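Quick notes on the structure that follows.
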Amino acid sequence: MISLKRLFEKVIGVSAFNSVQMTCPTLHLGTERGGYVVCPQDIKQDSIVYSFGIGNDISFDCALIEKFGVRVHAFDPTPKCISWLRSQQIPEEFKFFEFGIAPHDGIAQFNPPRSPRHVSYTTLQRKIKTLSPISAKVYRLKTILDMLGHQSVDILKMDIEGSEYEVIDDLIASGIHPRQILIEFHHRFNNVGVTRTNRTIAALNRSGYRIFYISPKGREYSFISSDTYPLADGRDSAHDPR
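Per the numbering used here: the sequence shown ends with 441, consecutive numbering throughout.
Right under this line is the structure:
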């Protein structure tokens, strides 16, 4: 059911208005704020999981570890996240790396949150700047796979504050094909917009991905490869969203 709030956000142009494109089993893991929905089929203990953008909530990662016994490779180069994680008791299967993901290898500038109560940095320009940006290491997904000795990714989760669009473009161009991709889209940002999200969804559709879950807020999307989970009835509801 689409909420009245989402309908209003669609009208004023700050909410994408897409729909689920295929049906598969779903499982919500983590808190309401920090959780994501996966398709539990074929998730095994040796599944490769990459989680980009940690902030101060690892409820999804911990729930995935507890449920399936997987090892989660988590990435976040921002100082508030690093400081917070050092104060936490984390599972042995949670492997943390102090760098981020980007469509290039090197250094990126991250703009801090406007409020000291918030933790999320972004490579996008802030509308109002209050603090100086920080510099942090970033790598392409292909480079990270090579660094960690992985051939592929089973679950790729990204909450990277507006950088997801260029990263997805690079992922597709590199021929990397995770089984599931879980994304928080940031079309609500003034310098992003819903058109960017819709174009990225269309690109993922062309690469064989289908939406199997959209959060009530319309920001968190779960995609699965049609190679991994073919449409049982042969129908394809993917489209080129505008």
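C-beta atoms are modelled at their ideal positions from N, C-alpha and C, and glycine is treated no differently. No experiment lies behind these values; they were computed from the predicted model shown.
- Across the structure, ILE300 and LEU403 are spaced so that their CA atoms are roughly 18 Å apart.
- In the structure shown, ASN404 adopts helical secondary structure according to DSSP, grouped into three states.
- Annotated three-state conformation of MET357 is strand, per DSSP.
- Distance check between CYS238 and each of VAL391, PHE388 and ILE354 places ILE354 closest, using alpha-carbon atoms only.
- By the Cβ test, the region 255-273 is in contact with the region 220-230, since at least three Cβ pairs between them sit closer than 8 Å.
- In this structure, the CA atom of ILE371 is about 34 Å from the CA atom of ARG285.
- If you draw a straight line from the Cα of VAL236 to the Cα of ASP368, it is about 23 Å long.
- Each of PRO312, GLU297, ARG313 and SER314 was checked against the Cα of ILE306, and the nearest Cα belongs to GLU297.
- Look at the beta carbons and you see the region 310-320 not touching the region 388-403: under three pairs across the two are nearer than 8 Å.
- Counting C-beta pairs with one atom in each stretch, the region 270-285 and the region 405-414 have fewer than three that are closer than 8 Å, which means they do not touch.
- Residue burial is scored here from C-beta neighbours: ARG395 has at least 16 other C-beta atoms within 10 angstroms and is therefore classed as buried.
- Around the C-beta of ASP426, fewer than 16 other C-beta atoms lie within 10 Å, and the residue is accordingly described as exposed.
- Note: PHE293 is bridge-paired with VAL271 in the DSSP secondary-structure output.
- Checking the DSSP bridge columns, you'll see GLY305 partnered with VAL337.
- For a cut-off of 8 Å, the C-beta gap from GLY268 to GLN240 is around 16 Å, too long to register as a contact.
- A distance of 9 Å or more separates the beta carbons of ILE423 and VAL352.
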